[in-house]
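Undergrad: Line by line, the protein sequences give chains A and B. Quick note on numbering: our numbering labels position 67 of the first sequence as 67, and the sequence is numbered without any gaps. Quick note on numbering: our numbering labels position 172 of the second sequence as 172, and the sequence is numbered without any gaps.
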Amino acid sequence: MKIMEQLTLVTLVGLAGIVLASLLPIPFPGSIMSMLLMFILLLSKAIRIRQIEQVSQFFLANMGAFFIVPVVAILEQLEVMKGKTLQFFAVCIVSTLITFIATAGSVKLTLVLMKKSQANKGAGQ
Amino acid sequence: MNTIVNSPMFGITLTFLAYEFGILVTRKVRSPLLNPMVIAAALCIGFLQLTGIPLESYQVGGDFLIMLIFPATTCIAVSVYSKIDLLKQHFVPIVVGCTVGAATSIGSVILLAKWLGLPDILTVSMAPKSVTTAIAIEISALLQGQPSLTVMAVMITGITGVLSAPVLIKLFRITDPIIQGVALGTSSHVIGTAKALELGQTQGAMGGISIFITGLATVGVVALTF
Numbered sequence: 001m002k003i004m005e006q007l008t009l010v011t012l013v014g015l016a017g018i019v020l021a022s023l024l025p026i027p028f029p030g031s032i033m034s035m036l037l038m039f040i041l042l043l044s045k046a047i048r049i050r051q052i053e054q055v056s057q058f059f060l061a062n063m064g065a066f067f068i069v070p071v072v073a074i075l076e077q078l079e080v081m082k083g084k085t086l087q088f089f090a091v092c093i094v095s096t097l098i099t100f101i102a103t104a105g106s107v108k109l110t111l112v113l114m115k116k117s118q119a120n121k122g123a124g125q
Numbered sequence: 001m002n003t004i005v006n007s008p009m010f011g012i013t014l015t016f017l018a019y020e021f022g023i024l025v026t027r028k029v030r031s032p033l034l035n036p037m038v039i040a041a042a043l044c045i046g047f048l049q050l051t052g053i054p055l056e057s058y059q060v061g062g063d064f065l066i067m068l069i070f071p072a073t074t075c076i077a078v079s080v081y082s083k084i085d086l087l088k089q090h091f092v093p094i095v096v097g098c099t100v101g102a103a104t105s106i107g108s109v110i111l112l113a114k115w116l117g118l119p120d121i122l123t124v125s126m127a128p129k130s131v132t133t134a135i136a137i138e139i140s141a142l143l144q145g146q147p148s149l150t151v152m153a154v155m156i157t158g159i160t161g162v163l164s165a166p167v168l169i170k171l172f173r174i175t176d177p178i179i180q181g182v183a184l185g186t187s188s189h190v191i192g193t194a195k196a197l198e199l200g201q202t203q204g205a206m207g208g209i210s211i212f213i214t215g216l217a218t219v220g221v222v223a224l225t226f
């Protein structure tokens with residue numbers, strides 16, 4: 001498909017995501033709903049990868065460029081951050097380490113439990 | 001001069017030039033501390049400070065770029081769909097790991113921030129730090145956080161993940177590529193996944209899937225906590 005058609009398809013799914021999210025009883029970001037919706041449309045083959053290939057590759061490869069502006073806006077937040085920068089870094093760093101360990105541990109545990117239940121099933125037969 | 005800096009083209013061009021420069025630098029010097037986005041943001045900040053051009057002028061064009069985050073988020077689905085076989089194969093451990101990770105990340109941020117006596121605005125801005133920037137910004141907005149603080153937290157998190165992963169993998173003797181990939185993707189999103197790709201193809205793919213699932217899990221955890 002032509003770039004413009006691909007882009008239209010992506011923005012259409014985006015708009016549908018906003019509509020769907022607004023119907024939920026809880027606050028839910030429209031963009032994340034549109035991501036979920038796109039995933040479901042791809043799974044059900046209602047949309048094929050080739051129909052959005054170039055546009056999605058462009059967005060995925062250059063996503064970093066769209067986040068520069070929010071980072072630059074940190075200039076507005078200097079007052080809030082005053083005297084708290086060190087703590088801000090510390091919370092992010094320590095929490096990331098804890099998250100890594102907790103995630104690795106829970107995946108490991110799940111794999112062990114799944115193996116055990118499979119072995120039990122095997123023994124029962 | 002005013003007509004130039006107040007045109008949307010000013011903010012857009014400055015951002016694009018800075019980003020291209022950032023890519024050029026990261027191609028020459030490979031380091032987890034350097035990322036095109038961080039370099040570009042530092043350049044733009046430096047330029048605005050030196051010239052005295054107000055942030056509002058930069059944001060005229062900048063706002064246009066921010067609008068593109070939405071369709072970019074929609075497209076994240078494509079990167080996960082291309083790894084659908086791995087997701088189906090390891091569905092349960094991935095979902096468990098990402099959910100536990102998302103809850104741990106948010107919970108530990110709230111507890112640590114409270115302990116250090118940080119104001120609420122910083123806490124809610126940091127809460128979604130372990131998910132990819134596009135999703136983190138949305139969650140931060142939902143919690144009335146500051147997007148710029150959130151992007152900062154997301155960057156610090158990514159860099160921490162890359163630097164600490166090799167040490168943690170050795171320390172806890174994590175040999176399974178699935179566990180390595182999910183742990184990296186869940187704790188430190190895209191930047192962690194880039195590191196996971198260095199460890200191997202499976203790790204990289206698992207990291208990519210984890211970004212998506214952790215993003216969804218984080219939205220769920222946030223809906224329940226706040």
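Think of the CB as a built atom: it goes at the ideal place given N, C-alpha and C, for glycine as much as any other residue.
When we look at the beta-carbon of residue 230 (chain B) and count the other beta-carbons within 10 Å, is it buried (16 or more) or exposed?
TA: There is simply no residue 230 (chain B) to check, as chain B begins at 1 and stops at 226 in what is shown.
Undergrad: From the beta carbon of residue 102 (chain A), is the nearest beta carbon of chain B less than 8 Å away?
TA: As a working mapping, residue 102 (chain A) is identified with position 102 in the first sequence. Interface with chain B (8 Å Cβ-Cβ cutoff): residue 102 (chain A) is included.
Undergrad: Should the stretch 59-79 of chain A be called in touch with the stretch 170-180 of chain B, which here means at least 3 C-beta pairs below 8 Å?
TA: no
Undergrad: Could you tell me which chain A residues have their CB closer than 9 Å to the CB of residue 208 (chain B), listed as they occur along the chain?
TA: For the purposes of this step, residue 208 (chain B) is taken as residue 208 along the second sequence, with counting starting at 1. Here the premise fails: no neighbours, minimum Cβ distance about 10 Å.
Undergrad: Is DSSP giving residue 99 (chain A) helix, strand or coil here?
TA: Against the first sequence, residue 99 (chain A) aligns to sequence position 99. The three-state secondary structure of residue 99 (chain A), taken from DSSP, is helix.
Undergrad: For a quick check, are the C-beta atoms of residue 73 (chain B) and residue 106 (chain A) less than 8 Å apart?
TA: The count along the second sequence starts at 1 and reaches residue 73 (chain B) at position 73. The count along the first sequence starts at 1 and reaches residue 106 (chain A) at position 106. Cβ atoms of residue 73 (chain B) and residue 106 (chain A): not closer than 8 Å.
Undergrad: If the criterion is Cβ atoms closer than 8 Å, does the pair residue 39 (chain B) and residue 21 (chain B) meet it?
TA: As a working note, residue 39 (chain B) is residue 39 in the second sequence. As a working note, residue 21 (chain B) is residue 21 in the second sequence. Contact flag set, yes.
Undergrad: Taking the C-alpha atoms as reference points, what is the distance between residue 53 (chain B) and residue 149 (chain B)?
TA: Start at 1 with the first residue of the second sequence, and residue 53 (chain B) comes out as number 53. Start at 1 with the first residue of the second sequence, and residue 149 (chain B) comes out as number 149. C-alpha separation (whole angstroms): 22 Å.
Undergrad: Listed in chain order, which residues of the stretch 84-99 of chain A have Cβ atoms closer than 8 Å to some Cβ of chain B?
TA: 84, 87, 88, 89, 90, 91, 92, 93, 94, 95, 96, 97, 98 and 99
Undergrad: Looking at the C-beta of residue 57 (chain B), does it have a partner C-beta in chain A at a distance below 8 Å?
TA: For the purposes of this step, residue 57 (chain B) is taken as residue 57 along the second sequence, with counting starting at 1. With 8 Å as the cut-off, residue 57 (chain B) does not count as an interface residue toward chain A.
Undergrad: Would residue 128 (chain B) pass as an interface residue toward chain A - the criterion being a Cβ-Cβ separation below 8 Å?
TA: By one-based count along the second sequence, residue 128 (chain B) stands at place 128. It does not; no Cβ of chain A falls within 8 Å.
Undergrad: Tell me whether the stretch 12-24 of chain A and the stretch 66-85 of chain B touch, counting them as touching only if at least three CB pairs, one residue from each stretch, are closer than 8 Å.
TA: yes
Undergrad: Could you tell me which of B:101, B:32, B:152 and B:61 sits nearest to residue 195 (chain B), measuring between CA atoms?
TA: Counting from 1 along the second sequence, the entry for residue 195 (chain B) is found at position 195. Nearest of B:101, B:32, B:152 and B:61 to residue 195 (chain B), Cα basis: B:32.
Undergrad: Compare the C-beta of residue 19 (chain A) against all C-beta atoms of chain B and say whether one is closer than 8 Å.
TA: To locate residue 19 (chain A), count along the first sequence from 1; it is residue 19. So no, residue 19 (chain A) is outside the interface.
Undergrad: Mapping the DSSP letters down to three states, classify residue 195 (chain B) as helix, strand or coil.
TA: Along the second sequence, read from residue 1 onward, the residue named residue 195 (chain B) stands at position 195. Three-state result, residue 195 (chain B): helix.
Undergrad: Residue 170 (chain B) lies in the alpha helix (DSSP H); which residues open and close that run?
TA: By one-based count along the second sequence, residue 170 (chain B) stands at place 170. Run containing residue 170 (chain B): 147-171, per the alpha helix (DSSP H) assignment.
Undergrad: If we count Cβ pairs, one from each stretch, closer than 8 Å, do we get three or more for the stretch 117-132 of chain B versus the stretch 201-220 of chain B?
TA: yes
Undergrad: Taking the C-alpha atoms as reference points, what is the distance between residue 155 (chain B) and residue 211 (chain B)?
TA: Translated into positions along the second sequence, residue 155 (chain B) becomes position 155. Translated into positions along the second sequence, residue 211 (chain B) becomes position 211. If you take the alpha carbons of residue 155 (chain B) and residue 211 (chain B), they lie about 15 Å apart.
Undergrad: Give the residues of chain A in contact with residue 217 (chain B), contact being defined as C-beta atoms less than 8 Å apart.
TA: Numbered from its first residue, the second sequence carries residue 217 (chain B) at position 217. Correct list: empty, because the minimum Cβ distance to chain A is about 11 Å.
Undergrad: Between which residues of its own chain and residue 85 (chain B) is the CB-CB distance below 6 Å, once the five residues before and five after are set aside?
TA: What you label residue 85 (chain B) is simply residue 85 of the second sequence in a count that begins at 1. Closer than 6 Å at the Cβ level, and outside the excluded window around residue 85 (chain B), lies no residue.
Undergrad: Name, please, each residue of chain A whose Cβ falls closer than 7 Å to the Cβ of residue 70 (chain B).
TA: For the purposes of this step, residue 70 (chain B) is identified with residue 70 of the second sequence, where counting begins at 1. Result: 14 and 31.
Undergrad: Can you find at least 3 beta carbon pairs, one from the stretch 103-113 of chain B and one from the stretch 90-105 of chain A, that sit closer than 8 Å?
TA: yes
Undergrad: For a contact meaning CB atoms closer than 7 Å, what does residue 23 (chain A) contact in chain B?
TA: What you label residue 23 (chain A) is simply residue 23 of the first sequence in a count that begins at 1. Per Cβ cutoff of 7 Å: no residues; residue 23 (chain A) is ~15 Å from chain B at best.
Undergrad: For residue 189 (chain B), which of helix, strand or coil comes out of DSSP?
TA: As a first step, residue 189 (chain B) is located in the second sequence; it is residue number 189 there, counting from the start. In the structure shown, residue 189 (chain B) sits in a helix (DSSP, three-state: H, G or I).
Undergrad: Counting contacts by CB-CB distance shorter than 8 Å, is residue 114 (chain A) in contact with chain B?
TA: Translated into the one-based positions of the first sequence, residue 114 (chain A) becomes position 114. Contact of residue 114 (chain A) with chain B is assigned, a C-beta pair being separated by under 8 Å.
Undergrad: Is any beta-carbon of chain C found at less than 8 Å from that of residue 56 (chain A)?
TA: Given the protein chain composition of this structure (A and B), no chain C is represented.
Undergrad: What does residue 46 (chain B) touch in chain A if you count any residue whose Cβ is under 9 Å from its own?
TA: Taking the second sequence and counting its residues from 1, one reaches residue 46 (chain B) at position 46. Result: empty, since nearest Cβ-Cβ is about 10 Å, beyond 9 Å.
Undergrad: List, in chain order, every chain A residue whose beta-carbon is nearer than 9 Å to that of residue 62 (chain B).
TA: Against the second sequence, residue 62 (chain B) aligns to sequence position 62. Neighbours of residue 62 (chain B) on chain A, chain order: 68, 69, 70, 72 and 73.
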